[in-house]
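Data first, discussion second: the structure below is written as structure tokens.
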Amino acid sequence: MKKLLIYSFEKFGKLETNPAAEIAKLVKDSLKSRVDTRLIIAPTAFNNWSTIEEVILSFKPNFILGLGLKDGNRICLEYLAINMIDSPQPDNNGKIIRNSQINGESPLALNTSLDLLEFRSILQKENTPSTISYFADTYICNYFYFNCLDYIRKNKLNVETIFIHVPLSPEEVNRLDGNKPSFPTKIIADGITKYIIKYLR
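Each residue of the sequence shown is one higher than the one before, counting from 3 in the working numbering.
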């Protein structure tokens with residue numbers, strides 16, 4: 003059986019739940035009889051990459067899926083991660099990092115080798131609006147994605163990885179601000195699940 007590692011993040015800011023983490027759980031539940039899946043809900047903090055690294059080492063996944071939250075009305079398939087942290091927003095430990103490289107010995111940017119046009123096509127067939135993004139920001143999501151790509155590169159692993167940014171859920175928008183765009187978590191999870199099943203069959 004193929005192995006899938008999914009990681010997402012705990013709630014942060016004013017969120018009651020993190021929709022990205024909820025989608026991660028839905029994907030795991032949908033795949034449980036077809037793919038050996040491990041799920042990590044990591045603290046939204048800069049010092050927790052080692053948690054993912056340890057699981058990659060022990061679990062040896064074929065595919066690594068990261069899910070994070072981003073304002074917008076579309077699912078963003080992130081092609082690139084950049085070697086930079088720069089955000090005035092503190093992590094959940096209160097830490098702020100500005101204008102700092104993630105790893106001074108690594109490339110400026112790394113990219114997934116997945117065919118994102120195919121991934122987007124599957125999502126669109128599931129009536130899930132999506133786009134290919136070339137900027138995963140410079141906060142926690144990009145930090146984890148870059149470290150994941152860099153770990154695979156350094157260790158020459160035969161592992162595919164992608165990071166996906168998802169919009170707020172309707173439930174969180176109703177609770178926080180009714181003017182923000184949103185999209186149902188179940189529909190997003192269904193589209194991602196269909197791609198994973200096709201890719202890992």
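Beta carbons are placed, not taken as given, at the ideal position from N, Cα and C, and that holds for glycine.
Computed from a predicted structure; not experimentally measured.
Short check: CB of N95 to CB of D152, under 8 angstroms?
No.
Hey, quick one: how far does the alpha helix (DSSP H) through V175 stretch, first residue to last?
P172 to L178 is the span of the alpha helix (DSSP H), which, as asked, contains V175.
If you drop the 5 nearest sequence neighbours on each side, which residues of the same chain put their C-beta closer than 6 angstroms to that of L69?
S10, A22, I25, A26 and I166, listed in sequence order.
Using a threshold of 8 angstroms, state whether the C-beta atoms of L6 and L33 are closer than that.
Yes; because the gap between Cβ atoms is below 8 angstroms, this pair is in contact.
Could you name the residues of the same chain whose beta carbon sits closer than 6 angstroms to that of I154, not counting the 5 residues immediately before and after it, in chain order?
Hits under 6 angstroms: V161.
Just to confirm my understanding: we take S132, look at its own chain, exclude 5 residues before and 5 after, and list those with CB closer than 7 angstroms. What are they?
R76, I77, L79, R122, L125 and Q126, listed in sequence order.
Return the Cβ separation of D88 and N101 in integer angstroms, given the expectation that the two are a contact with Cβ distance under 8 angstroms.
Yes, they are in contact, since the Cβ atoms of D88 and N101 sit about 5 angstroms apart, within 8 angstroms.
What separation, rounded to the nearest whole angstrom, lies between the Cα atoms of N181 and K72?
Taking the straight line joining both Cα atoms gives about 15 angstroms.
For T195, which residues from the same chain have a beta carbon less than 7 angstroms from its beta carbon, with the 5 sequence-adjacent residues on both sides left out?
Here the set comprises V29, S32 and L33.
Quick check: the Cα distance between E107 and N176, rounded to an integer number of angstroms?
Straight-line Cα distance between these residues: approximately 44 angstroms.
By the three-class DSSP mapping on this structure, what secondary structure does S52 have?
Here S52 sits in helix by DSSP.
Are the beta-carbon atoms belonging to T163 and T114 less than 8 angstroms from one another?
Yes, the Cβ-Cβ distance between T163 and T114 is below 8 angstroms.
Looking at the unbroken beta strand (DSSP E) that takes in I8, where does it start and where does it end?
K5 to F11 is the extent of the beta strand (DSSP E) around I8.
Locate the beta strand (DSSP E) running through R100, then write down its first and last residues.
Counting along the chain, the beta strand (DSSP E) containing R100 begins and ends at I99 to S102.
Mind pulling the beta strand (DSSP E) runs of 3 or more residues that sit fully within the region 113 to 201?
Counting whole runs of 3 or more residues, the region 113 to 201 contains the beta strand (DSSP E) stretches 132 to 135 and 162 to 168.
To the nearest angstrom, report how far apart S135 and V168 are at their CA atoms.
Looking at the two C-alpha atoms, the distance is approximately 12 angstroms.
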